[in-house]
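A quick write-up on the structure given underneath.
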Amino acid sequence: MQITEIFFDTARHHIHLELTVVKNDVEYSVDAILDTGAPITEFSDQFLVFTGFMDAPENDITIMKGLQRQKYNMLLLPEIKICGHTLNNFTISVSRFEDSWGIDALIGLDFFRLFKVEIDYSNGKIITTRL
Numbered sequence: 061m062q063i064t065e066i067f068f069d070t071a072r073h074h075i076h077l078e079l080t081v082v083k084n085d086v087e088y089s090v091d092a093i094l095d096t097g098a099p100i101t102e103f104s105d106q107f108l109v110f111t112g113f114m115d116a117p118e119n120d121i122t123i124m125k126g127l128q129r130q131k132y133n134m135l136l137l138p139e140i141k142i143c144g145h146t147l148n149n150f151t152i153s154v155s156r157f158e159d160s161w162g163i164d165a166l167i168g169l170d171f172f173r174l175f176k177v178e179i180d181y182s183n184g185k186i187i188t189t190r191l
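Number 185 in the working numbering belongs to position 125 of the sequence shown; there are no gaps in the numbering.
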């Protein structure tokens, strides 16, 4: 059973974690926020276009008033690394994020469903164990 410990900065407003996506043996690092309110992990469409995982959308994606992001598609990533664990063929939601966010992904509850996740906020540590 693989147990990993990942550290995060408790001075930041959210729990920011680095995750990695892999395409054709090239790794791309992403700044992500751990989001227990997101049912599925989401990626910025701008990041996905930049890394070649998808083509730019034909139409401009409008974020609905009062929201900070707009989900509009699903995508299967061949390999993603979250909290030191490699997941293959991981389905994510494609979203348009507000530019002011400064992040490229939200780690959602789909990740939590695969792992036992302990958040030790006082020590800035997340301990994950694959179920």
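Built from N, CA and C at the ideal position, the CB exists for glycine as well.
Helix, strand or coil: which one does DSSP assign to residue i?
{"i": "PHE172", "result": "helix"}
{"i": "ASP105", "result": "helix"}
{"i": "ASN119", "result": "coil"}
{"i": "ASP159", "result": "helix"}
{"i": "ASN84", "result": "coil"}
{"i": "PHE68", "result": "coil"}
How close, in whole Å, do the beta carbons of residue i and residue j come, if the pair is a contact with beta carbons under 8 Å?
{"i": "ALA165", "j": "GLU102", "result": "6 Å"}
{"i": "LYS131", "j": "SER153", "result": "5 Å"}
{"i": "ASN149", "j": "LEU136", "result": "6 Å"}
How would you label residue i, buried or exposed, when you count the other beta carbons within 10 angstroms and need 16 or more for buried?
{"i": "PHE171", "result": "buried"}
{"i": "PHE67", "result": "exposed"}
{"i": "PHE113", "result": "buried"}
{"i": "ARG129", "result": "buried"}
Using a Cβ-Cβ cutoff of less than 6 Å, which residues in the same chain neighbour residue i once the five nearest sequence positions on both sides are dropped?
{"i": "GLN62", "result": "ARG190"}
{"i": "SER104", "result": "PHE157 and ASP164"}
{"i": "ILE187", "result": "GLU65 and GLU178"}
{"i": "LEU147", "result": "ILE140"}
Can you tell which of the options has its C-alpha closest to the C-alpha of residue i?
{"i": "ASP69", "options": "ILE93, VAL81, ASN119 and LEU108", "result": "ILE93"}
{"i": "LEU169", "options": "ASP120, ASN148, GLY97 and ASN133", "result": "GLY97"}
Go through its chain and collect everything with a Cβ distance to residue i's Cβ below 7 Å, but skip five positions before and after it.
{"i": "LYS141", "result": "LEU79 and THR80"}
{"i": "ASN133", "result": "VAL154"}
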